[in-house]
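Below is one structure, written out as structure tokens; comments come after it.
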Amino acid sequence: MRSANASTSRIATLPAPAMSGFQEPRPDLVQPNPGGPDDPLGESVMDASQPWLRIFEPRDVRLVIGRHQDPQRELDCPAAARDGIPIHRRVAGGGAVVLAPGMVVLAVRMARDHLGTTTYLERVNRVLIPALAPLIDRPLLSIGLGDLALVDSDALPPRKILGASLRQSAGLVIYLGCLLIEDHAGLMARYLRPPSRQPSYRDSRPHGSFCTHLAAHGASGAGVRQALTRACQAGLAP
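Letter by letter, the sequence shown follows residues 7 to 244 in our numbering.
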């Protein structure tokens with residue numbers, strides 16, 4: 007798996023991040039996060055002994071739902087079972103996503119120095135936008151609750167390229183975001199149901215017309231990972 011960390015420290019094995027006081031209501035459908043320093047959801051940043059920043063390309067296909075979501079409402083669980091695709095529940099909120107090769111996951115551990123959610127999402131987007139802008143041929147827009155979208159023209163609605171979620175504790179904020187590099191509209195259509203909650207700018211568009219991918223606009227996965235690593239280390243480091 008191609009990745010970039012803010013530190014080279016490693017622990018041989020780590021337990022999966024726990025959701026304090028949370029008991030999985032659908033253990034028949036939802037598998038625990040495998041855990042470890044290279045856990046596939048990026049949640050190892052919750053461990054203070056691990057790097058505060060992870061930027062990586064997923065190794066395989068997984069489905070991830072938000073902390074309080076119903077997998078049967080958000081996902082085509084029979085299709086996932088037939089295809090052997092694991093379903094996980096993230097420690098943070100947000101909506102259901104597909105993680106797959108050809109995407110870039112960004113996981114950041116930040117100090118909690120303000121109240122609220124939008125403060126941290128906007129903080130990260132202020133770092134991401136100037137890092138990504140030189141790599142693509144369209145303007146970028148911070149929109150919705152932490153989304154990034156590409157603007158094709160004034161006449162067309164923005165198309166999403168990044169979704170994000172947060173997990174806040176007394177002293178820490180965990181940011182988890184996923185950037186679309188390659189075209190995965192087919193995977194989204196196969197496994198994701200129309201979401202139970204939609205941002206207004208989606209306007210009920212199906213996945214294929216709501217989302218786009220950066221490779222169609224000049225960016226590569228390697229270039230994105232390098233640019234984000236430099237930008238996050240400069241703009242978000244503890």
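Yeah, the Cβ is synthetic: ideal placement off N, Cα and C, and Gly gets one too.
None of the values given here were measured: they were computed from a predicted structure.
Exposure of residue i, with buried meaning 16 or more beta-carbon neighbours within 10 Å
i: SER209; result: Residue identity check: residue 209 is Asp in the sequence provided, not Ser. Flag for ASP209 reads exposed.
i: PRO164; result: buried
i: ALA279; result: It is not possible to answer for residue 279, since the shown part of the chain is limited to 7 through 244.
i: GLU128; result: exposed
i: SER215; result: exposed
i: LEU185; result: buried
i: ASP89; result: exposed
i: PRO77; result: buried
i: PHE62; result: buried
i: GLU49; result: buried
i: ASP45; result: buried
First through last residue of the beta strand (DSSP E) which encompasses residue i
i: VAL114; result: 109-117
i: GLY183; result: 178-186
i: ARG173; result: 165-174
i: HIS94; result: 93-95
i: ASP153; result: 153-156
i: LEU147; result: 146-149
Residue i and residue j closer than 7 Å at C-beta
i: TYR197; j: LEU81; result: yes
i: LEU151; j: ARG96; result: no
i: THR218; j: LEU156; result: yes
i: ARG173; j: ALA98; result: yes
i: ALA221; j: ILE187; result: yes
i: ALA106; j: HIS190; result: yes
i: VAL179; j: ARG118; result: yes
i: VAL70; j: HIS94; result: yes
N-terminal and C-terminal residue of the alpha helix (DSSP H) that residue i is part of
i: LEU234; result: 227-241
i: GLN29; result: Element bounds for GLN29: n/a, residue is neither H nor E.
i: VAL103; result: Not the alpha helix (DSSP H): VAL103 falls in the beta strand (DSSP E), residues 103-105.
Rounded C-alpha distance that separates residue i from residue j
i: ARG60; j: ALA228; result: 14 Å
i: TRP4; j: PRO212; result: An answer regarding residue 4 cannot be provided, because it is not within the stretch 7 to 244 covered by the chain.
i: VAL103; j: ARG65; result: 15 Å
i: ALA237; j: PRO40; result: 29 Å
i: ALA85; j: PRO200; result: 15 Å
i: MET109; j: LEU141; result: 15 Å
i: PRO21; j: PRO43; result: In this prediction, PRO21 scores a pLDDT of 49, lower than 50, which makes its location untrustworthy; no coordinate-derived value is stated.
i: VAL114; j: ASP153; result: 16 Å
i: SER206; j: ILE149; result: 10 Å
i: THR19; j: SER171; result: Any answer about THR19 is weak, because its pLDDT of 40 lies below 50 and its placement is not dependable; what the coordinates show is given next. Going from the Cα of THR19 to the Cα of SER171 covers about 25 Å.
Neighbour flag for residue i against chain E, beta carbons, 7 Å
i: CYS184; result: Reference to chain E is not applicable here, since this structure consists of a single protein chain.
Any non-hydrogen atom of the ligand MN within 6 Å of residue i CB
i: LEU182; result: This structure lacks the ligand MN, and indeed carries no ligand of any kind.
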